[in-house]
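Have a look at the structure below, then the notes.
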Amino acid sequence: MQKKILMLLFVSLIVTGCSLPQGGSSPTEPILPLTPTQLVIPTLTSLPSSPVVLPSTVPTTQIPQAPGAATSIPATQPQPSNGGSSPVINSGPSSGPYAVILVASIDVLNIRSGPGADKSIIGSLAYNETGITRLGSWSQVDDSAWVEIQSQAGVRGWVNSQFLTEYVAPSNTCDTKVLTLIGQFEQAITTSNGELLASLVSPVHGLDVWAYRSGNPVNFDAEHARWVFDSTFSHNWGTHPASGQEVTGAFHDTILPGLVDVFKVNHTTTCNDKTVSTYGEPWPVEYTNINVVKSYKPGSPGVDLDWRAWLIGTEYVSGKPYLFSLIQFIWVP
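Under the numbering used here, read the sequence shown as residues 31 to 363, first letter to last.
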């Protein structure tokens, strides 16, 4: 988790300038989440303007692999503490509702009496909790942004904002904004457009990419997503669901072919559909409050077993949807 946090803080100034939505937040407030039907995906007609000036070399740093290792990225530099003791408390407007993410079903998100993991625990939130209100106060403590919240049960206290996301009801999974996001994502993949892909990645949590559900995710922040079509850096994607062997390789060789295989042929796109044939638990419980769009390519006539599916997780940040996670599924004997 520390490696991922450090990486996200390193690129936060670049991401803030071009990727983070404004959403009405004040300059000193961190960017934090605010507030099966077959569909036709709209076609993107133009690319985002004002691209970032890129470095001349491709990063080769391994991205942290833990699914919940990201943290919220402040829109400004971390605030100094008062003489190295109590953290500075910043204020902003109340917002919500929020939901808990990245917490295991056997764990809870602790509510503390103040900002920081050293403060006393005064309550907790379940892994699938919703109806949380952010009260407006926040503080930067070490590498994490802490926010004051009130739970649906009325408990007030502080939590690490890494484990919160803007709550969007599953019935609203595929509004116009999300459909546009999926259309842009398909275009980025089929044209190998790193600039476009980078603009679609969550500025708060990055993008968790699973080569297979049996493996483990590799997380890409926006800056690293920009390079995935060219980088030859080899990632460890965990175990293959059929062979049980460890899968390693670059995004270009391991992930891209499976995405292109779906997006360049006739496929269906369904919303709020986490079901995948032969898989008992296709969607991680840590992603319970992350909404899903499924892209599915059926098997070829006479073959049938060459079907492929991608579960695409999305999250809203300041009123705009972004890519949160990708999980690939194939037939396994």
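All residues carry an ideal CB built from backbone N, CA and C; glycine is no exception.
Beta-carbon spacing of residue i, residue j below 8 Å
| i | j | result |
| --- | --- | --- |
| Q358 | A241 | yes |
| N158 | V130 | yes |
| T344 | L353 | yes |
| P200 | G161 | no |
| S167 | N190 | no |
| V362 | T308 | yes |
Which residues DSSP lists as bridging residue i, in chain order
| i | result |
| --- | --- |
| Q170 | A175 |
| S325 | T299 and W340 |
| E196 | Y128 |
| Q182 | DSSP output for Q182 lists no bridge partner at all. |
| P351 | Y346 |
| T278 | N266 |
| G245 | G268 |
| I152 | Partner(s): none; I152 has no beta bridge. |
| W188 | R142 and E178 |
| A231 | Reading off the sequence shown, one finds Val at residue 231, where the question assumed Ala. In the DSSP output, where bridge partners are listed per residue, V231 has L353. |
| D238 | N249 and S355 |
| T163 | Q180 |
| N120 | W168 |
| I360 | R338 |
Same chain only: Cβ atoms within 6 Å of residue i, ignoring 5 sequence neighbours per side
| i | result |
| --- | --- |
| V306 | P312, A339 and F359 |
| R256 | G224 and A228 |
| N266 | T278 |
| S244 | T269 and P271 |
| L341 | V322, K324 and I357 |
| G54 | Residue placement at G54 is flagged as unreliable, the pLDDT there being 36, under the threshold of 50; a coordinate-derived value is accordingly withheld. |
7 Å Cβ shell around residue i - same chain, five flanking residues per side excluded
| i | result |
| --- | --- |
| S264 | T278, G279 and A280 |
| S232 | E345, V347, Y352, L353 and F354 |
| G288 | R338 and Q358 |
| H297 | S325, Y326 and K327 |
| G146 | P117, V171 and W176 |
Cβ shell of residue i (< 8 Å), same chain only, five flanking positions each side left out
| i | result |
| --- | --- |
| L77 | Because the pLDDT of L77 is 33, which lies under 50, any placement of that residue in the model is unreliable, and the number read from its coordinates should be weighed accordingly. The residues are N223, E225 and L226. |
| I152 | I141, R142, S143, V185 and G187 |
| I320 | I131, T195, G343, T344, E345, F354 and S355 |
CB-CB length for residue i against residue j, believed under 8 Å
| i | j | result |
| --- | --- | --- |
| F250 | L230 | Actually they are not in contact, since the Cβ atoms of F250 and L230 sit about 11 Å apart, beyond 8 Å. |
| V234 | V347 | 5 Å |
| V133 | E316 | 6 Å |
(request) Could you say if the region 120-138 and the region 279-290 meet the contact criterion of at least three C-beta pairs nearer than 8 Å? (result) no
(request) State whether the region 285-302 contacts the region 322-329, with contact taken as three or more CB pairs (one from each stretch) at a distance under 8 Å. (result) yes
(message) Does the contact criterion of 3 or more C-beta pairs under 8 Å hold for the region 162-182 versus the region 191-201?
(response) yes
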